[in-house]
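Chains as they are written, first to last, in this note's numbering: chain A, 1 to 400; chain B, 1001 to 1442; chain C, 2001 to 2297; chain D, 3001 to 3280; chain E, 4001 to 4260.
The beta-carbon is built from N, C-alpha and C at its ideal position, and this holds for glycine as well.
None of the values given here were measured: they were computed from a predicted structure.
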Ligand SMILES: Nc1ncnc2c1ncn2[C@@H]1O[C@H](COP(=O)(O)OP(=O)(O)OP(=O)(O)O)[C@@H](O)[C@H]1O
Ligand SMILES: Nc1ncnc2c1ncn2[C@@H]1O[C@H](COP(=O)(O)OP(=O)(O)OP(=O)(O)O)[C@@H](O)[C@H]1O
Ligand SMILES: [Mg+2]
Ligand SMILES: [Mg+2]
């Protein structure tokens, strides 16, 4: 039987992630494009493409963006889908990051002076268990999810900004604990190396050949992140269009009415926090692997805010919006650097430190300014822009 | 051009060979034999002084806007820009100019993660780092540096840089490590106070800066018979959300004679101010090099009080000192409209090893990073134009580590706010200390 | 005992600074239901104006304060006009994030003006202190407490006797309704920003007096956040009570915790505001004096 | 005519007139205000029971007590024989109580379909892990329940609004969607709080028709509150009039319309003019 | 006189909601505006009071005048000052404020007459007078409606725009509100009354407009409307056979004449 494309024959198709071949086609195109971007200079077969691919620091940012996307999806689950504004995302990211670093990292010892003898003795500075990624990554997610489980009952009592503040308090408590537990975290201003991303012996933090293609460590991490993102993205999407997702949306929009539809508020708020924190934990554990270094102070209010900005600028309550937002915010400093280099900003001095405004200052101004301008011009976020573009092109090239 | 060369004779002196070939290199392309890979271009730098010279790019990772050492990071970085501008103005190094561009200057806010990220960002853009500020920060970036054979001059005096197993031979430190600076400081202060024992407190940043200096102070205190500190306070940088709110009451309660402050200038000023405001005046502060900043002398309320209590150590002499290097530095600062500061001296001084390294690498005909790194590990005869004694990186730490320190007093009448109390000296404790591992106290 | 009283005195003077900043948050929240994360930047810029007039131009300190307040108010109004006005009717969370962007921009400008070093405020108090029964009370602490008392009195009178107070609250709850009642929502917004900016300026002045003014003042400004939550986001009285509660707990913790509860870790006193906030919210979900959100079906 | 009747989509009850909801001497007050003051009533299967009374009389409060949002200070509420006082609202909903609200409480950012699917929440039997994977059970359950929802959409004649976000819909349609959402819960007892408020005549007629059909085809109990006397009197089997939370009269619509207390407190003398079908 | 001429309103730059509305409210008269849900009645009121901006709406054509002076595109605060008060659809009382605070807010532009007006409102609505300090959000629906109307009266408007004031009110109260509107009008205020309760509206209005999908389809003195066959069937529920029972409503209906 030949069906008219686009005709929905089954209710299942109606709620499918891709509702048409057009959508499927474009997703495939996007995925291939991203893979090509990541492969970079290693794909000599298509010489012309090399110029468009990511290398060097761009690739580093891309890796971060992919991992950040996972975290942003997590935040969108609790804040976008369930409407529980959380400023505590940095805390969950931190829990994941340090769990990953402890389980997947290496023990560090150091010679220190024993004052009584004047001799050097060895002391453990950092604990580490050298476990495989297959263990430490899920463990990082679970550790964060467990924290989410603990926080959820508190969140249940609070609304709006007051909830936001409790979660903000979490960030400060987290920072304090991270800062104090120096054998676990290295301490503030010092930090420790991240967990070693090694999956069954395949090292993602070292360059090497995979399936016959030589990949740099950042390329490897990029593809690892991409694979995880696709999986976790679909999981989130499934969740959103399930009874759970609808229940979360109901709680967000009208919690009292939701309860009278038979939705237990406490349980669902807990689910939202747990799932969201799991994503945060996974993202946190991976976020700094490309740089290789973690610092307790990184998991601060600013990081939480960056993630809120990702969700907001990307698009609230959408998975693809989360990704767009994460990519945008992660690339923004770089974009700003590039913008700042233009002649129009000629008043920026060539010297890194002198002049009316330095490059570093200009970067910050543009960063803040772009967020302001963006929110004024496009409150619906990148996802909103995307929908508008999509509606414009609708089904091309399958339009008929 | 010639006139300029005249006014910067001191710099030209270090690059006599370059000056001699200037005329020739301006018309000829750089030696084709010189091999290079990343961070080096045979084409001239943008806005090059010497159109015919090739270009060597150096990167900087510093604290420029809102970290605890931003007051130091800015003049430090400026000094390094100026250093190379002077070298280039004098014709460059044997056909090569050296630049630190705005693009290659990264503000890492004294954050190890951002420093590491900065290293990755710069990894395929520069030959090496003219500056990497902060000890834990530089340690965080080290894996990336090792991976890319990237040599760096640190803006830190960590004792670990003397060890090849710590720094992979890539870090070109200058001056005495914190550990020795603290030993000398304690010993010097002990002598200044007439050899009578005193009680002391330690206020230190977390990490190797605080740890290293603190270790030196403790080792010295043990040997001087001063005993343990009456208060030992880990001070989190104010810009990291730390506060002196606990430090001040703790010091008020402990009433130490001497407070060893291994912090940034802000924390030191706030602690001192807090103590004054609570009526505590009979104490002395022993500060490390980074604890002082020239801007403190502009505070008309605080400075008179500080003059009475503040003694600071430094690995080299201050702004107004009369050496060839200091004179060259002052001339450069004047050329570029910079104000005097201790940090400027430091930034300037740290570039001498790079000058020596580049000169030798160019002479060897190989500017690839691996070769540059190999030379750096055992570089010898580094001439500091009198700011420091000539030094080497070859041999064991005990062979080449520098142990001399200056002791200074806060003084509003000097250019950088510090007045030397001593010449360079090596105390007996520092002289005898066996540097078998990086200093750190358990 | 002296130690305890001293901690108490220090707590009260710290509270006066927190209260100034917290009131700025409250006023903007009252009119827009927005948390103004740009408050720290306004504090930096406001403090800078005073510092500039008092030290660079060498004006008398009171004159510097008055002109500084005018500049601060103007800054607040300009910011509101240019960036907040187009956001009328947009989701409050978007507006809150926008203020974060603003904070970045204004901070950079303020810091560029200030430079990275610690700067003298030009205040007349210096390190002077009075001794009082074994306690040392700094002149600047006394000044801060007095200034807060006066400013709070003025504000309370304003909300009580001017119809703008009610208009502000109405605007916060429902802008459309406020409009239909003839309230000029834009005047309300501009006014609240001007007031908040002036309060932030005073916060900056007292933070910067004595040791000097520098970037980390912005960090202190953020500590006013738990203060407003403890008091209730929209309560002026709450901001004062919250400030006292938070600041006194903080100074007491700073004095006693390292000795009596060292296991809580170093720098714990900095965490105390948030711990107090959590404890309060556990029992009072809308802070001590916050308006309860009305829910009815 | 409709292709399917409601009882082909939703489980129907035996309209045997047996008691479904029994409220006895319920009292509720808020900070001194007596919202409910000794209300007693029984709703039977297959019956439309109306509560009328002036604004602020406590009608909505009675609904809120039944749904578990308010907790009466005294009295008992039994549903299907079980005491439901103190139960959480979601548990009460699970027992088979569904309602609409005086001020529409739809989920504005969801589509009509999703709002109705939310009504099916308790009938979708799969957990969070299954939701994340979605293969198998979750997908099957979704499809099965979707069919029920489509049936209700058809019944309410809102097919063309299926995918619209409810916030964009006209008021009258929103009221209908809200009824649909309550229906989707397959309730045993339906609480309707002013279903015709703000509706024009045409829409009120539609609403009346839906209520009649639900009652006839499903045989469930319906508790109705509305100020449209014309509709209430036409649809209700029993009417309870309350004032200041106190019952003032109970009886058939005719009896109530003739009751002087009710006329004085609620209907007003003039109402007979505007409502010629009223009291004889 | 308040007049709209050929007013067109577009929401979000694309959704055309009013397609050339012309309407007049003479001083001291009650004008009823009837129409199905979504016809654009509330939009018409928003256009007058300057509230379109809030809803991303724009008046793209036509003009609104008050005594020959253009008032379209004026900010809402100005419109109120010129003497046009409005009670929004859905009550919109400020839930967190007290009853009296809500009323005081209504007097924002008329501070001098506050006491007089307050007394007048309390006289009109004794239920409000009983609890001036009650949190408005906990009032019952009908009490909230009284508060909303009362608040609009606090600015002593020349013209009062009422959007479905009878919504959710008990029959007795509908009668009271009706009387109150008449009373307000008698005191000299022109009223533009948007209503679903056509019986009530037409019983007191001097003139009536009927609106369908953004257009005025009929416009007659109220008395004539009451006699119109379509109006009787579709708005008043009075067909030629008299009123029918809701229990026996038909599933299909006669077409409205103006739609053909
Ligand atoms: N949560 C609450 N807090 C305080 N008072 C309340 C609350 N809920 C209701 N009330 C009061 O209880 C009384 C009854 O209110 P309810 O909403 O039940 O009236 P109603 O009969 O539904 O009126 P209407 O027909 O106007 O909707 C009112 O006086 C109202 O103010
Ligand atoms: N902000 C908006 N954006 C887009 N469309 C809108 C907006 N507000 C109203 N509409 C649409 O404009 C049309 C007219 O709406 P309006 O509220 O004026 O109708 P109404 O006649 O007052 O209806 P009701 O009787 O339901 O109040 C409706 O179809 C509505 O969906
Ligand atoms: Mg009700
Ligand atoms: Mg309307």
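Q: For residue 1406 of chain B, write down the residues that DSSP places opposite it in a beta bridge.
A: B:1314
Q) Using 9 Å as the limit for Cβ to Cβ distance, is residue 4125 of chain E near chain D? A) no
Q. Hey, which residues come within less than 5 Å of ligand 2, measuring from Cβ to any heavy atom, in chain order?
A. D:3171, E:4011, E:4015, E:4017, E:4037, E:4038, E:4039, E:4040, E:4041, E:4042, E:4043, E:4055
(Q) Cβ closer than 8 Å: which chain C residues qualify as neighbours of residue 1270 of chain B? (A) 2211
Q) Does at least one heavy atom of ligand 1 sit under 8 Å from the Cβ of residue 3267 of chain D? A) no
Q. What are the start and end residues of the alpha helix (DSSP H) that includes residue 98 of chain A?
A. 89-104
Q: Check whether the Cβ atoms of residue 1070 of chain B and residue 2140 of chain C sit closer than 9 Å, and answer yes or no.
A: no
Q: Going by CA-CA distance only, name the one from C:2012, C:2273, C:2244 that's closest to residue 2138 of chain C.
A: C:2012
(Q) Against chain B, which members of the region 105-119 of chain A pass a CB distance test of less than 7 Å? (A) 110, 111, 112, 113, 114, 115
Q) Is the Cβ of residue 2092 of chain C closer than 9 Å to any Cβ of chain H? A) Of the chains in the structure shown, none is chain H; the protein chains are A, B, C, D and E.
**Q.** Selected residue, minimal CA-CA separation from residue 1120 of chain B, among B:1130, B:1110, B:1154, B:1106
**A.** B:1106
Q: Quick one: grab the DSSP three-state call for residue 1036 of chain B.
A: strand
Q: Quick one: which residues of the region 69-102 of chain A get their C-beta closer than 9 Å to a C-beta of chain D? List them in chain order.
A: none
Q) Going by other Cβ atoms of all chains shown within 10 Å of its Cβ, with 16 needed for buried, is residue 3260 of chain D buried or exposed? A) exposed
**Q.** Check: residue 3194 of chain D C-beta below 8 Å from any heavy atom of ligand 1
**A.** yes
Q | Proximal chain B residues relative to residue 2216 of chain C, where beta-carbon distance stays under 7 Å | A | 1238, 1239, 1266
Q) What did DSSP end up calling residue 4072 of chain E once you bin it into helix, strand or coil? A) coil
Q: Would you mind sorting residue 2033 of chain C into buried or exposed? The rule is 16 or more other CB atoms within 10 Å of its CB.
A: buried
Q. DSSP state of residue 343 of chain A, grouped into three classes?
A. For residue 343 of chain A, the predicted model reports a pLDDT of 49, less than 50, meaning its position is unreliable; a value from the coordinates is still stated below. DSSP places residue 343 of chain A in helix when its eight states are reduced to three.
Q: Below 7 Å CB to CB, which residues in the same chain sit around residue 3009 of chain D once its five sequence neighbours on both sides are set aside?
A: 3148, 3151, 3152
Q | Those residues which DSSP pairs with residue 3037 of chain D across a bridge | A | D:3027
Q: Tell me whether the beta-carbon of residue 1439 of chain B lies closer than 9 Å to the beta-carbon of residue 1219 of chain B.
A: yes
(Q) Assuming residue 4102 of chain E is part of the alpha helix (DSSP H), what are its boundary residues? (A) 4099-4106
Q | Cβ pair residue 1427 of chain B, residue 1173 of chain B closer than 9 Å | A | no
Q) At a Cβ threshold of 9 Å, is residue 3042 of chain D touching chain C? A) no
Q | Other residues of its chain near residue 397 of chain A: CB distance less than 6 Å, five sequence neighbours each side excluded | A | Note on residue 397 of chain A: pLDDT 48, under 50, position unreliable in the model; the coordinate value appears next. Closer than 6 Å at the Cβ level, and outside the excluded window around residue 397 of chain A, lies no residue.
Q | Within-9 Å CB hit, residue 3117 of chain D to chain A | A | yes
Q.
Please determine whether the Cβ atom of residue 3060 of chain D lies at a distance below 8 Å from any heavy atom of ligand 1.
A. yes
Q) Hey, how far is the Cα of residue 1274 of chain B from the Cα of residue 2133 of chain C? A) 19 Å
(Q) Considering only the alpha carbon of each residue, which of A:152, A:66, A:111 lies closest to residue 92 of chain A? (A) A:152
Q.
Any heavy atom of ligand 1 inside 8 Å of the beta-carbon of residue 4168 of chain E?
A. yes
Q. In the region 2102-2115 of chain C, which residues sit with their C-beta less than 7 Å from some C-beta in chain B, listed in chain order?
A. 2111
Q: Give the secondary structure of residue 366 of chain A by DSSP, where H, G and I count as helix, E and B as strand, and everything else as coil.
A: helix
Q) Considering residue 1348 of chain B, what are the terminal residues of the alpha helix (DSSP H) in which it resides? A) 1342-1349
Q: Counting only the same chain and skipping the five closest in sequence on each side, list residues whose C-beta sits under 8 Å from that of residue 154 of chain A.
A: 166
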